[in-house]
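To keep things clear, I will list the structure first and then write my remarks on it.
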Amino acid sequence: MNSGQPEQEGRPIGRRVLLGTLGLGALGVVAAPTLQRGLESFLGSAADKDPTGLTGLLPNGGGFRYYSVAASVPHKNATTYRLTVDGLVDRPRTYTLPELRALPQTRLVRDVQCVTGWRVPDTPFEGVRLSRLLDAAGVRPTAKAIRFTCFDGTYSESLTLDQARRADVLVALRMRDEDLSHAHGGPVRLYVAPMYFYKSAKWLSGITVTEDVEPGYWEERGYDIDAWVGRSNGRDDEPTS
Ligand SMILES: Nc1nc2c(c(=O)[nH]1)N[C@H]1C(S)=C(S)[C@@H](COP(=O)(O)O)O[C@H]1N2
Ligand SMILES: [Mo]
């Protein structure tokens with residue numbers, strides 16, 4: 001199925017789009033919680049099942065925007081999804097979704113911050129610590145970095161091994177206490193809590209342990225490789241809450 005016309009990144013958000021976001025955000029503040037939830041699930045299902053060009057211009061529920069650099073992304077589910085861990089490891093392995101769900105899960109509640117300026121406060125993500133998968137694979141002494149690949153066939157990301165081993169870096173299966181939707185990179189995405197959201201690769205399919213950092217998709221196009229929120233890219237002046 002086609003995944004619609006998500007928004008592109010790489011340049012500042014246009015004024016019209018930004019006003020649209022603020023407008024709906026203001027509605028969320030005055031709306032009753034049930035109405036807000038209804039609106040979010042409407043937008044979520046619109047993005048998932050019957051996307052229109054308009055979907056890309058609306059925040060994808062609760063202030064989220066929906067980004068993809070690929071025009072269409074295949075849908076994967078509990079039967080078809082696979083995550084491969086390979087590269088400089090002693091025990092390469094492929095996980096199914098049920099296998100990832102059976103591992104201990106960690107829940108984090110942090111602000112999501114895109115480098116283009118939008119932020120979603122206090123967003124719960126839940127999944128398996130990346131460090132757990134790396135330990136299970138047995139990282140070899142020469143390794144210094146990780147390369148992430150995605151089943152959209154296009155996007156990639158990177159972390160140093162030290163960054164990847166942080167306790168706030170997850171292979172995420174759930175967001176906002178629901179299974180990750182296709183629009184948000186489900187069934188499995190990376191979640192790098194302390195960094196700008198472009199590090200959080202959606203539709204994660206490969207974790208390859210490497211000798212050196214290989215710049216990811218946006219990093220080849222000028223984004224900082226070390227994307228600490230507030231300490232890089234020079235675009236985040238506001239304090240995080
Ligand atoms: N596979 C993939 N992952 C991706 C992206 C993408 O285009 N493709 N965009 C990144 C950027 S720039 C942001 S801000 C977030 C957006 O996540 P969302 O669509 O769930 O809001 O995903 C990141 N991960
Ligand atoms: Mo982003």
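Everything in the sequence shown is counted per this note's numbering, starting at 1 for the first residue and increasing by one.
Where is the CB? At the ideal position from N, CA and C, for every residue including glycine.
Whole angstroms is fine: what's the gap from F151's alpha carbon to R231's? For the purposes of this step, residue 151 is taken as the residue at position 151 of the sequence shown. For the purposes of this step, residue 231 is taken as the residue at position 231 of the sequence shown. For F151 and R231, the distance between alpha carbons rounds to 30 Å.
Check the DSSP bridge columns for T94 and list the partner residues they point to. On the sequence shown, position 94 is the one that residue 94 refers to. Paired residues: T84.
Write down every uninterrupted run of the beta strand (DSSP E) in the region 170 to 214 whose length is 3 residues or greater and which is fully enclosed by it, in chain order. 189 to 192, 204 to 210
Can you confirm whether the region 195 to 204 touches the region 153 to 167 when touching is taken to mean that 3 or more C-beta pairs between the two stretches lie within less than 8 Å? yes
Okay, do the region 206 to 216 and the region 140 to 148 touch, 3+ Cβ pairs below 8 Å being the bar? yes
Please state if the CB of S205 and the CB of L83 are separated by a distance shorter than 9 Å. Here residue 83 corresponds to residue number 83 of the sequence shown, with the count starting at 1. Here residue 205 corresponds to residue number 205 of the sequence shown, with the count starting at 1. Yes; because the gap between Cβ atoms is below 9 Å, this pair is in contact.
Alpha carbon of Q8 to alpha carbon of L108, nearest angstrom: Along the sequence shown, one-based indexing puts residue 8 at 8. Along the sequence shown, one-based indexing puts residue 108 at 108. Approximately 27 Å between the Cα atoms of the pair.
So who's on the other strand from P124, going by DSSP bridges? Here residue 124 refers to the residue found at position 124 when the sequence shown is read from its first residue. Looking at the DSSP assignment, P124 forms a beta bridge with V109.
Return the residue from the list G185, V192, E220, E126 that minimises the CA-CA distance to N77. The residue you call residue 77 lines up with position 77 of the sequence shown. Closest by alpha carbon: G185.
If you follow the beta strand (DSSP E) that A136 is in, where does it begin and where does it stop? In the sequence shown, counting from the first residue as 1, residue 136 sits at position 136. Note, A136: premise wrong, no beta strand (DSSP E); alpha helix (DSSP H) at 130 to 137.
Hey, quick one: how far does the alpha helix (DSSP H) through A164 stretch, first residue to last? Here residue 164 is taken as the residue at index 164 of the sequence shown, counted from 1. That run of the alpha helix (DSSP H) goes 161 to 164.
Say whether the region 83 to 100 touches the region 114 to 126, bearing in mind that this needs 3 or more beta-carbon pairs closer than 8 Å, one atom from each stretch. no
Rounded C-alpha distance that separates P92 from G63: For the purposes of this step, residue 92 is identified with residue 92 of the sequence shown, where counting begins at 1. For the purposes of this step, residue 63 is identified with residue 63 of the sequence shown, where counting begins at 1. About 38 Å.
Take D50 and list the residues in its own chain whose beta-carbon comes closer than 8 Å to its own, dropping the five residues that flank it on each side. Locating residue 50 in the sequence shown gives position 50, counting from the first residue. With a pLDDT of 31 at D50, under the threshold of 50, the modelled position of that residue is not reliable, and no figure is offered here.
I need the boundaries of the beta strand (DSSP E) containing A145, first residue and last residue. Position 145 of the sequence shown, counting from 1, holds the residue named residue 145. Residues 145 to 150.
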